[in-house]
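Student: Below is the structure I would like to discuss, written out as structure tokens.
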Ligand code: CIR
């Protein structure tokens, strides 16, 4: 959770065509841009450098950069998104990754894996199989991770939940913020788990970034709980990204 840099991409007007499980309304670009600006400012306020990439009209979901790569201390891995409309985002991200990493690997397939399904803790890499991440994709990442000395554990994303990290986030070396439904699967045994409040499940997709926890605004009980636990919480409007099943973690690559 200590990072020197982050990569973000500004949303494009094509965001109105972004993928969504359920249509709860069309995202408003101006509102999303305003929230995105606040998000980037919060990252920068911690002293980190933020590499801001330009909008990509051809890829409506490209603002959700997290799904295109995994950034580790030893190197980066370009992902292979399971959503066909998002596959091409990887080639668009690759130059930015190659500019900052010497060792860049790629998931070649036939499997699929998206960054939103990967939670890196201090002791292991947890990868949740989901509608976007399959066994072959996990296995291909496991080989690369092993070469770099990381333990990787395959877990499962609850049915109907887009990504593993839709329901959890790392708060510090031993603490994970999670929904009760994900914790109930037993995947966090050995960690200290803080539950988001009932009815505030969407607050689980937060990020610890240096001294701050960035979380979606509008989940007061979870925000209070995190503050009481000693975290410095910054709330960012997530109304527009939420229409596309996106949240705080999706909007950046952190390393
Ligand atoms: C998608 O369905 O791929 C996008 N609309 C949302 C991606 C969210 N990304 C993430 O949770 N890492």
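Numbering (the UniProt record's numbering), first residue to last: 6 to 260.
Glycine is no exception: its CB is placed at the ideal position from the N, C-alpha and C atoms.
Distance, Cα to Cα, residue 153 vs residue 170?
Tutor: Rounded to the nearest angstrom, the two C-alpha atoms are 23 angstroms apart.
Student: Answer with buried or exposed for residue 87, where buried requires no fewer than 16 other C-beta atoms within 10 angstroms of its C-beta.
Tutor: Buried, because 16 or more other Cβ atoms sit within 10 Å of the Cβ of residue 87.
Student: Could you check how far apart the C-beta atoms of residue 224 and residue 205 are, in whole angstroms? I think they sit under 8 angstroms.
Tutor: 4 angstroms
Student: How many Å lie between residue 43 and residue 166 at the Cα?
Tutor: 26 angstroms
Student: Apart from the five residues on each side of it in sequence, which residues of its chain come closer than 8 angstroms, Cβ to Cβ, to residue 47?
Tutor: 214, 217, 219, 239, 241
Student: Enumerate in chain order the residues of its own chain whose CB-to-CB distance from residue 192 is below 6 angstroms, with the five nearest sequence positions on each side excluded.
Tutor: 160, listed in sequence order.
Student: Just list the beta strand (DSSP E) runs in the segment 171-233, keeping only unbroken ones of 3 residues or longer that don't cross its boundaries, in chain order.
Tutor: 173-175, 180-183, 197-200, 212-214, 217-221
Student: When DSSP labels each residue in this structure, what does residue 297 get in the three-state scheme?
Tutor: The structure shown does not extend to residue 297, since the chain spans only 6 to 260, so no value can be given for it.
Student: Once the 5 residues before and after residue 66 are set aside, which same chain residues still bring their CB inside 6 angstroms of it?
Tutor: Only residues of its own chain outside the window of five on either side were considered, and among them 23, 24, 91 have a CB closer than 6 angstroms to the CB of residue 66, listed in chain order.
Student: Return the chain-ordered list of same chain residues with a C-beta closer than 8 angstroms to the C-beta of residue 83, the five sequence neighbours on each side being excluded.
Tutor: 73, 74, 95, 98, 99, 102, 109, 110, 111, 112
Student: From the DSSP output, in three-state form, read off residue 58 for me.
Tutor: Residue 58 falls in the strand class under three-state DSSP.
Student: What I want to know is whether the C-beta of residue 249 ends up closer than 7 angstroms to one or more non-hydrogen atoms of the ligand CIR.
Tutor: Under cutoff, so the answer is yes.
Student: Mind checking residue 32: buried by the 16 CB within 10 Å criterion, or exposed?
Tutor: buried
Student: Within its chain, find whatever has a CB closer than 7 angstroms to the CB of residue 142; leave out the 5 residues flanking it on each side and keep chain order.
Tutor: Only 85, 112, 116, 117, 118 meet the Cβ criterion.
Student: Report yes if the C-beta of residue 88 is less than 7 angstroms from at least one heavy atom of the ligand CIR; otherwise report no.
Tutor: yes
Student: Just the Cα atoms here: how many angstroms apart are residue 197 and residue 180?
Tutor: Separation of residue 197 and residue 180 (C-alpha to C-alpha, rounded to the nearest whole angstrom) is 5 angstroms.
Student: Using the rule of at least 16 other Cβ atoms within 10 Å of the residue's Cβ for burial, across every protein chain shown, is residue 127 buried or exposed?
Tutor: With fewer than 16 Cβ atoms within 10 Å of its Cβ, residue 127 is classed as exposed.
Student: Spatial neighbours of residue 55 within its chain, please: CB distance less than 7 angstroms, with the 5 preceding and 5 following residues excluded, ordered by chain position.
Tutor: 11, 13, 45, 48, 49
Student: Could you please give the first and the last residue of the uninterrupted beta strand (DSSP E) stretch that includes residue 103?
Tutor: No beta strand (DSSP E) contains residue 103, which is instead part of the alpha helix (DSSP H) from 94-105.
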